[in-house]
Structures are given as C-alpha cells and as structure tokens.
Ligand code: HEM
Ligand code: HEM
C-alpha cells in the first residue's frame with residue numbers, strides 16, 4: 030500500500046496539474062469537463078492523506094537529506110488545495126489584490142521543482158504489479174469516490190447558498206457586468222499599462238510583403254458591436270458591451286493564409302486561425318465610452334468565448350501569415 034500510495038499521488042498530481050491548465054485554456058464546455066476531473070483528483074489526493082501521513086512520519090524520523098524540502102513541498106500542496114477549495118466554495122475568493130485562484134495556481138507552480146526533486150530523491154521502483162488488476166481497481170474506486178465527494182460538495186455549496194453556487198462553469202465569479210467602470214484591470218502576467226498618444230499611434234496590418242496602416246480616427250468611424258464575456262484566469266468574469274470594428278473588415282478580401290497574429294505594444298501576442306477573423310472585434314469602446322488605458326486604449330482585441338489572456342490589449346500590429354494557428358505556446362510566457 031505504501032508504494033501504491035506514492036504512485037497514486039504521483040499520477041493524481043499530474044492529472045490535477047494537466048486538467049487545471051486545460052480548464053484555463055478554454056472558456057467553453059471543455060473547461061467544466063476538465064474541472065470535474067481536476068476537482069476529483071484534488072479530493073483523491075486528500076483522501077490518501079492517512080496513508081501518506083504514515084509514510085511521511087517514517088521518512089521524517091529517518092531524517093534523510095532534504096527531508097525539510099519535503100515539508101516545504103507539503104506546505105505548498107496544502108496551500109494550493111486549500112486556496113482551490115476556498116475559491117470554489119466562495120468562502121474566501123481573495124485577500125486585497127490577490128485572488129484565491131492566483132494563490133492556488135501560484136502554489137502549484139512553486140511546487141513543481143519540489144515534486145521533481147521529491148520523486149527523484151525518494152525514488153521508488155515501478156514494477157509490473159503496479160499495473161495489476163487490483164491496483165487499477167483501487168485507483169478507479171479512489172477516483173470514483175473522489176468524484177462523488179466533488180458532486181456532494183457542489184450540492185452542499187448550493188444548499189448552503191455559499192457564494193460558490195454563483196460561479197460560472199469555468200469556476201469564475203461575476204464582477205460588474207454591464208457596468209464598464211467596474212471591469213477590473215488585469216493582465217496575464219507582467220504587462221504594465223503603456224501611455225499611448227492616439228495621434229501618432231497606428232494599427233499596422235501586414236499581409237506578406239504588403240502593409241496597411243489605420244489611424245485611431247479611421248477605426249473610430251466603425252461601430253460594430255458585440256456583447257461578450259471576459260473570463261479571466263484570475264477567477265472572475267464580466268459581460269460587457271464592446272464596440273469597434275470586426276477584424277475581418279480590416280483585412281484585404283479573401284485570404285489563403287492560415288493564421289493571424291495580434292501583437293500588443295508591450296510585445297505580448299496571440300495567434301488565431303484566419304477563419305476566426307469575423308468573430309474577433311478590434312475594440313475602441315467599452316460600454317459606449319472610449320477604452321481607458323488599463324483596458325487597452327486605444328484598441329484591444331475582444332475574443333468572445335476565449336479566456337481573457339487571448340484578449341490582447343494595446344494592439345499595434347496584426348500579421349497574416351502561413352504559420353498554423355497552434356504555432357505558439359498554449360500560455361504566453363510574458
Ligand atoms: C501530495 C504529494 C506528496 C507529499 C505532500 C509528500 C510528502 C512527503 C513527506 C513530508 C515525506 C517525509 C520527508 C522525507 O522523507 O523527505 C515524504 C517521504 C517520501 N515520499 Fe512523499 N510526498 C508526496 C508525493 C510523493 C510521490 C509522488 C512519491 C513517489 C513517486 C513519494 C515518495 C516518497 C518516499 C519514497 C518517501 C520516503 C519514505 C521513507 O523514507 O520512509 N512522495 N513525502
Ligand atoms: C497539483 C496541483 C493542483 C491541485 C491538487 C488542485 C486541486 C484543486 C481543488 C481541490 C480545487 C477545488 C475544486 C472544487 O471543489 O470544485 C481546485 C479548483 C480549481 N483549480 Fe486546481 N489544483 C491544482 C493546480 C491547478 C492549476 C495548475 C490550475 C490552473 C492552471 C488550476 C485551476 C483550478 C481552477 C480553475 C479551479 C476552480 C474550479 C471551480 O471553481 O469550479 N488548479 N483545484
């Protein structure tokens with residue numbers, strides 16, 4: 030059972046980590062599907078605590094080199110799971126400017142070097158018997174049980190009318206919908222708000238060797254509108270009325286290229302399939318007013334049904350080329 034417990038923890042940590050990122054990638058149905066597996070793997074890790082506590086107690090007594098690093102690792106796993114549950118139940122969704130979701134993901138990321146070290150330093154041999162019928166059955170019932178705990182938790186959150194019952198299928202909480210002034214200002218990671226002079230700013234659209242530039246005034250002449258929900262990986266969502274111009278209207282006629290890249294003044298960029306151009310809005314306005322600097326002035330991308338980190342702010346360049354739309358990191362590194 031000891032080896033099995035450690036192996037199961039290894040698999041569950043990997044499963045929780047992967048399904049968390051899959052949920053972050055989507056703002057549509059796959060996000061929920063992934064989060065159900067995600068939550069179940071988190072609860073399965075908790076369920077293994079009694080067995081792991083025996084293993085850990087023995088390890089600590091043996092004082093093997095680096096035993097303290099295992100404790101730091103334990104602290105990070107506990108912090109991540111606790112923040113995840115606080116977020117999902119809504120009991121505490123943040124302290125000051127830091128959201129529980131940020132602590133949740135931050136602690137999980139910080140745990141990565143420790144888990145790598147832990148499984149190398151406390152290596153256990155994998156044997157054929159680990160894939161025996163009995164082991165697999167045990168794994169199956171653990172996950173199924175954890176899934177039931179997740180289901181019971183969802184019911185309890187609703188019966189107790191905890192704030193968690195109001196969250197969206199992505200797990201995000203509503204903030205200031207249709208009140209433009211209440212839309213929080215956030216960025217994926219490091220982008221600072223740049224000061225841009227609209228008189229000298231240009232939107233450059235590049236197709237192969239040809240290039241066209243649009244002034245802010247020219248873009249203001251359009252009044253395409255969309256009501257879209259910005260679903261932030263930080264844990265909130267907000268539905269707003271956006272205005273501007275459909276990106277497809279800025280492109281020259283029919284294009285045979287595969288994708289388009291939207292780049293910010295900050296260097297941040299995202300790539301989309303060319304067939305998405307008709308669904309992407311180059312927004313100049315939010316709630317009937319010009320954008321403010323924090324929300325991307327002079328223009329930002331509005332990408333309905335995609336997570337907030339696709340909504341590039343302070344757009345300066347759109348490049349159409351032959352690269353496939355998946356030719357990018359799934360999550361930006363800046
Ligand atoms: C939730 C994840 C985990 C936590 C919180 C955790 C925590 C700990 C702690 C606190 C110890 C005792 C201190 C030490 O010996 O370093 C320990 C020992 C150990 N862990 Fe983990 N661990 C986790 C996952 C794993 C995984 C995935 C494996 C292997 C694949 C593993 C294998 C071991 C082994 C073999 C020991 C040594 C036991 C001994 O020397 O008697 N652990 N763990
Ligand atoms: C080993 C690491 C992780 C563990 C053990 C873990 C575990 C958990 C647990 C137990 C919950 C509460 C689920 C519920 O009660 O509904 C949760 C929620 C959540 N986690 Fe993780 N998590 C980990 C890493 C991540 C990562 C890396 C991400 C994203 C990149 C992520 C994204 C989420 C999201 C979006 C929720 C909210 C789900 C909701 O409210 O419905 N998690 N996680």
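Residue numbers (our numbering): 30 to 363. The beta-carbon is built from N, C-alpha and C at its ideal position, and this holds for glycine as well. Remember, it's a predicted structure, so these values are computed and weren't measured experimentally.
Give the secondary structure of residue i by DSSP, where H, G and I count as helix, E and B as strand, and everything else as coil.
{"i": "residue 353", "result": "coil"}
{"i": "residue 314", "result": "strand"}
{"i": "residue 211", "result": "helix"}
{"i": "residue 238", "result": "coil"}
{"i": "residue 231", "result": "strand"}
{"i": "residue 344", "result": "strand"}
{"i": "residue 59", "result": "helix"}
For the alpha helix (DSSP H) that contains residue i, what are its first and last residues?
{"i": "residue 176", "result": "162 to 188"}
{"i": "residue 130", "result": "129 to 150"}
{"i": "residue 53", "result": "31 to 54"}
{"i": "residue 102", "result": "96 to 118"}
{"i": "residue 297", "result": "Looking at the DSSP string, residue 297 is not in any alpha helix (DSSP H), and its letter there is neither H nor E."}
{"i": "residue 258", "result": "Note, residue 258: premise wrong, no alpha helix (DSSP H); beta strand (DSSP E) at 253 to 260."}
{"i": "residue 88", "result": "78 to 91"}
{"i": "residue 248", "result": "245 to 249"}
Note down the Cα distance separating residue i from residue j, rounded to an integer number of angstroms.
{"i": "residue 48", "j": "residue 229", "result": "44 Å"}
{"i": "residue 40", "j": "residue 257", "result": "37 Å"}
{"i": "residue 123", "j": "residue 116", "result": "8 Å"}
{"i": "residue 97", "j": "residue 147", "result": "11 Å"}
{"i": "residue 196", "j": "residue 106", "result": "24 Å"}
{"i": "residue 222", "j": "residue 75", "result": "41 Å"}
{"i": "residue 326", "j": "residue 333", "result": "19 Å"}
{"i": "residue 252", "j": "residue 207", "result": "18 Å"}
{"i": "residue 118", "j": "residue 142", "result": "29 Å"}
{"i": "residue 92", "j": "residue 69", "result": "33 Å"}
{"i": "residue 168", "j": "residue 180", "result": "18 Å"}
{"i": "residue 82", "j": "residue 363", "result": "38 Å"}
What does a CB cutoff of less than 8 Å around residue i pick up in its chain, not counting 5 residues either side in sequence?
{"i": "residue 324", "result": "212, 214, 315 and 342"}
{"i": "residue 121", "result": "115 and 129"}
{"i": "residue 240", "result": "233 and 234"}
Only counting the same chain, and skipping five residues up and downstream in sequence, which positions put a Cβ closer than 6 Å to that of residue i?
{"i": "residue 300", "result": "288, 290, 354 and 357"}
{"i": "residue 368", "result": "Residue 368 lies beyond the residue range present for the chain, which begins at 30 and ends at 363; the question has no answer from this structure."}
Can you name the start and end residues of the beta strand (DSSP E) that residue i belongs to?
{"i": "residue 273", "result": "265 to 275"}
{"i": "residue 330", "result": "329 to 331"}
Quick one: what's got a C-beta closer than 7 Å to residue i's C-beta in the same chain, skipping five residues either side?
{"i": "residue 244", "result": "231"}
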